[in-house]
Each structure stands twice: as structure tokens, then as C-alpha cells.
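Working notes, structure below.
Numbering (this note's numbering), first residue to last: 115 to 263.
Spelled out as C-alpha cells, the structure:
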């Protein structure tokens with residue numbers, strides 16, 4: 115019996131039976147992606163965003179650099195300068211390299227003032243690495259849909 119199964123490729127036919135059983139039209143589900151937006155899970159982590167204070171329009175970031183320390187890929191760079199009047203750090207530059215980000219959320223968890231968050235935006239694909247390093251302005255405004263030709 116084993117010899118006949120080996121000759122007639124019994125394991126292959128068993129595998130094909132399983133494959134074609136799940137391809138019945140009643141099991142097929144197609145999303146009309148560009149026309150209909152898919153429902154994204156609540157815990158999904160997508161594009162990063164620097165939150166701003168709605169009262170005064172300034173960023174919530176206090177330049178503590180904890181997000182950069184928590185990031186395992188070292189892709190966040192925070193530049194700040196000490197304000198002599200308020201004796202606080204003022205955020206000067208904030209860069210985030212999306213090409214190396216694994217969207218783990220450690221930077222978001224480390225932020226003590228919830229200035230940095232990973233949003234539900236998932237359309238981050240591109241044909242080149244140009245534009246993968248987001249600066250402070252891009253992080254505050256959010257991602258812009260890229261147009262491909």
C-alpha cells in the first residue's frame with residue numbers, strides 16, 4: 115500500500131484535496147479596496163504622528179528623548195535647545211525613519227505626555243525610499259496620500 119501511494123503521489127493528491135476544498139466560491143471573499151476602505155483593528159499600529167495641543171497649536175513633545183531611547187532600531191532623532199526664559203527644552207527637530215520602523219509601539223509607550231502615537235493610517239507603501247524619513251512638519255500634519263503614475 116505504501117509503495118502504491120508513493121508511485122501515484124498519494125500525499126500530493128491529499129494536499130490538493132484540502133486546497134481545492136477551501137476554494138469553493140462560498141468561501142471566497144473579495145474586498146474592493148480602493149472603493150471601500152477596510153475596517154482596521156483598534157489595536158493596529160500604523161503611521162506615526164506627533165500630537166499638537168489644540169489650545170495653543172504647539173506640539174506636545176517636551177524633548178525628553180525617551181522615545182528615541184526606547185526605539186530598538188534607533189530611528190528617532192530628537193533635537194532640542196534649552197530655553198533660557200522658561201528653563202525648558204524646546205523641540206527644534208524631530209525625524210522618524212519609516213523605512214526601518216517595525217511599528218512595535220515602544221516609542222509610543224515611552225512618551226510621558228502622549229505626544230507620539232501610532233495611528234490607524236496604513237497606506238505607507240512607496241516604490242522608493244524617498245520620503246521615508248519624516249520630519250517634524252510631516253509628523254504633525256500626518257501622511258499625505260502618495261500618487262503613483
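We put the CB at the ideal spot given by N, CA and C, even for glycine.
Burial state of residue 127 is exposed, judged by a 10 Å Cβ sphere holding fewer than 16 other Cβ atoms. The beta carbon of residue 117 is closer than 6 Å to none in its chain, skipping five residues each way along the sequence.
Your pair residue 225 and residue 180 checks out as a contact, with CB atoms roughly 6 Å apart and the cut at 8 Å. For residue 231, no alpha helix (DSSP H) segment is defined; the enclosing uninterrupted segment is the beta strand (DSSP E) at 230-232. With a contact defined as Cβ atoms closer than 8 Å, residue 183 and residue 203 miss out at about 15 Å. Between the segment 203-212 and the segment 238-253, the count of Cβ pairs shorter than 8 Å is three or higher; the stretches touch. Nearest C-alpha to residue 173 among 229, 237, 240 and 257: 229. One Cα belongs to residue 198, the other to residue 164, and the distance between them is close to 25 Å. In the DSSP assignment, the residues bridged to residue 193 are 207. Less than 8 Å divides the Cβ of residue 208 from the Cβ of residue 192.
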